[in-house]
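Participant: Residues in the sequence shown are numbered consecutively from 6, following my numbering. Below you'll find the structure I mean.
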Amino acid sequence: MHYFQFNIGDYASHTSRLAPLEDLAYRRMLDLYYLNEQPLNECVKEVAREIGLSDYADEVEYILCKFFTKNENGFSQKRIDLEIKKYKSNAKNKSRAGKASAKARAVKASSKVTGVEQVLNTTSTDVEQNTKHKPLTINQETVSNKDIVVSTPAFNFKNELLLLGVDKEILNDWMKVRTKKRATNTQSALTLLVSQIGKAGLTIDQGIRFANDENWGAFKLDWYKNKQGVNHGHKSTGIKESSHERIKRENDIKYRNQRPDQSGLVMGETNGDMGRIVGEGEWKPAIGGLDKGDFVDY
6 MHYFQFNIGD
16 YASHTSRLAP
26 LEDLAYRRML
36 DLYYLNEQPL
46 NECVKEVARE
56 IGLSDYADEV
66 EYILCKFFTK
76 NENGFSQKRI
86 DLEIKKYKSN
96 AKNKSRAGKA
106 SAKARAVKAS
116 SKVTGVEQVL
126 NTTSTDVEQN
136 TKHKPLTINQ
146 ETVSNKDIVV
156 STPAFNFKNE
166 LLLLGVDKEI
176 LNDWMKVRTK
186 KRATNTQSAL
196 TLLVSQIGKA
206 GLTIDQGIRF
216 ANDENWGAFK
226 LDWYKNKQGV
236 NHGHKSTGIK
246 ESSHERIKRE
256 NDIKYRNQRP
266 DQSGLVMGET
276 NGDMGRIVGE
286 GEWKPAIGGL
296 DKGDFVDY
């Protein structure tokens with residue numbers, strides 16, 4: 006099968022808790038199953054190799070055990086087997102209809118020949134009869150194949166990311182960045198991207214947003230960690246810290262042990278003396294203390 010109906014809502018309800026790599030593995034297993042019209046290989050490593058995830062055998066094994074059943078034919082799934090059965094039944098019906106149509110056209114055409122032509126046809130040899138039937142056989146096969154065969158869809162990097170839940174507008178912007186960076190949009194590039202984002206503990210959408218904000222043509226775990234270090238260990242949300250927020254945070258750290266409320270006074274009150282804090286809970290009196298309400302002319 007080169008085409009099968011994909012129910013997005015049904016798929017999402019069963020895979021919402023999968024890690025990005027697990028989700029990618031399952032999608033590729035479905036494609037492989039439908040394409041070959043048979044269960045997946047019973048060897049986990051062989052399945053991982055066939056879907057291009059040889060380095061992630063553990064994730065592949067988890068998906069096989071969760072969504073497929075192992076039997077003498079390999080790893081199978083009832084729903085896929087049912088869809089393949091329906092497809093083959095439909096293909097047979099179309100084939101019969103094509104043959105019946107070709108036969109009807111042949112009968113109709115033969116009924117229009119003249120009497121002379123009928124005599125000539127009845128005296129033709131078996132070889133000639135077989136020769137005349139060959140075009141009908143070819144036509145029958147052409148009709149059948151035309152109804153059944155559909156071209157295999159090519160891999161599309163952008164569409165794969167959309168299926169993994171990335172926002173369309175953000176993805177459009179990021180694809181422009183990748184174009185400027187001359188990044189390749191291959192299956193191996195997608196696999197590496199999903200792996201790096203997953204190791205960073207982000208969803209695919211969060212990872213793409215972060216890369217787009219930083220003008221990265223890809224996403225690397227080391228880049229992400231370094232960026233977190235620049236933000237003073239605060240986990241990045243993809244939004245840069247403003248100058249006002251940075252100054253406020255640094256002042257909070259610097260003066261957290263030098264606030265007036267630690268001297269035993271309520272904020273905004275004085276005891277008639279003015280001075281500066283020299284230690285926790287201690288005030289140094291100023292020379293010639295000032296009474297409340299005194300006015301000093303400078």
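No residue lacks a Cβ here, since even glycine has one placed at the ideal position from N, Cα and C. None of the values given here were measured: they were computed from a predicted structure.
Do you know offhand how far Lys173's Cα is from Ala102's?
Facilitator: Within the sequence shown, residue 173 is the residue found at index 168, counting from 1. Within the sequence shown, residue 102 is the residue found at index 97, counting from 1. Computed Cα separation, rounded: 43 Å.
Participant: I need the straight-line Cα distance from Val65 to Arg33, nearest angstrom please.
Facilitator: If you number the sequence shown from 1, residue 65 lands on position 60. If you number the sequence shown from 1, residue 33 lands on position 28. Roughly 10 Å between the two C-alpha positions.
Participant: If I measure Cβ to Cβ from Leu69 and keep anything under 8 Å in the same chain, skipping five residues before and after, which residues do I get?
Facilitator: Counting from 1 along the sequence shown, the entry for residue 69 is found at position 64. If we look at Leu69 and ignore the five residues flanking it on each side, its Cβ neighbours are Met34, Leu45, Val49, Val52, Lys75, Phe80.
Participant: Can the beta-carbon of Phe72 be found closer than 8 Å to that of Tyr31?
Facilitator: Locating residue 72 in the sequence shown gives position 67, where the first residue counts as 1. Locating residue 31 in the sequence shown gives position 26, where the first residue counts as 1. Yes, these two residues count as a Cβ contact at 8 Å.
Participant: By alpha-carbon positions, which one of Lys163, Gln211, Val171, Thr20 ends up nearest to Met180?
Facilitator: Reading the sequence shown from its first residue, position 175 is the one you call residue 180. Nearest C-alpha to Met180: Lys163.
Participant: For His19 and Asp63, what's the separation of their Cα atoms in angstroms?
Facilitator: Residue numbering aside, residue 19 sits at position 14 when the sequence shown is read from its first letter. Residue numbering aside, residue 63 sits at position 58 when the sequence shown is read from its first letter. Taking the straight line joining both Cα atoms gives about 20 Å.
Participant: Taking a contact to mean a Cβ-Cβ separation below 8 Å, would you say Leu168 touches Leu176 in this structure?
Facilitator: Locating residue 168 in the sequence shown gives position 163, counting from the first residue. Locating residue 176 in the sequence shown gives position 171, counting from the first residue. Contact flag unset, no.
Participant: Which value, in whole angstroms, describes the spacing of the CA atoms of Lys113 and Ala107?
Facilitator: Within the sequence shown, residue 113 is the residue found at index 108, counting from 1. Within the sequence shown, residue 107 is the residue found at index 102, counting from 1. Going by the C-alpha atoms only, they are around 10 Å apart.
Participant: What does a CB cutoff of less than 7 Å around Leu195 pick up in its chain, not counting 5 residues either side in sequence?
Facilitator: What you label residue 195 is simply residue 190 of the sequence shown in a count that begins at 1. These residues qualify, in order along the chain: Phe162, Glu165.
Participant: Hey, Glu88 and Phe9 are a contact pair by Cβ (cut 8 Å); roughly how many whole angstroms apart?
Facilitator: Taking the sequence shown and counting its residues from 1, one reaches residue 88 at position 83. Taking the sequence shown and counting its residues from 1, one reaches residue 9 at position 4. The Cβ separation is near 6 Å, so the contact holds.
Participant: Check whether the Cβ atoms of Phe224 and Gln201 lie closer than 8 Å to each other.
Facilitator: As a working mapping, residue 224 is identified with position 219 in the sequence shown. As a working mapping, residue 201 is identified with position 196 in the sequence shown. In contact: Phe224 and Gln201 (Cβ atoms closer than 8 Å).
Participant: Counting only C-beta atoms, is Leu58 closer than 8 Å to chain D at any point?
Facilitator: Although the question refers to chain D, the structure presented lacks it and comprises just one protein chain.
Participant: Would you identify the three-state DSSP class for Thr191, choosing helix, strand or coil?
Facilitator: One-based indexing of the sequence shown puts residue 191 at position 186. Residue state, collapsed to three classes: coil.
Participant: Lys186 by DSSP, collapsed to three states: which one?
Facilitator: Within the sequence shown, residue 186 is the residue found at index 181, counting from 1. Correct three-state label for Lys186: coil.
Participant: From Arg22 to Asn95, what distance separates their C-alpha atoms?
Facilitator: Within the sequence shown, the letter at position 17 stands for residue 22. Within the sequence shown, the letter at position 90 stands for residue 95. The straight-line gap from Cα to Cα measures roughly 35 Å.
Participant: For Gly57, which residues does DSSP report across the bridge?
Facilitator: As a working mapping, residue 57 is identified with position 52 in the sequence shown. Its beta-bridge partners do not exist; DSSP assigns none.
Participant: Within its chain, find whatever has a CB closer than 8 Å to the CB of Gly14; leave out the 5 residues flanking it on each side and keep chain order.
Facilitator: Here the question's residue 14 lines up with position 9 in the sequence shown. There are no such residues.
Participant: For Lys225, name the three-state secondary structure that DSSP assigns.
Facilitator: Here residue 225 refers to the residue found at position 220 of the sequence shown. Lys225: coil per DSSP, three-state reduction.
Participant: In the DSSP assignment, find the alpha helix (DSSP H) that holds Phe80 and state where it starts and stops.
Facilitator: In the sequence shown, the residue the question calls residue 80 occupies position 75. Looking at the DSSP string, Phe80 is not in any alpha helix (DSSP H); the run it does join, the beta strand (DSSP E), is 79-81.
Participant: Could you give the first and the last residue of the continuous alpha helix (DSSP H) run that contains Thr20?
Facilitator: Position 15 of the sequence shown, counted from the start, is the residue given in the question as residue 20. Start and end: 13-20.
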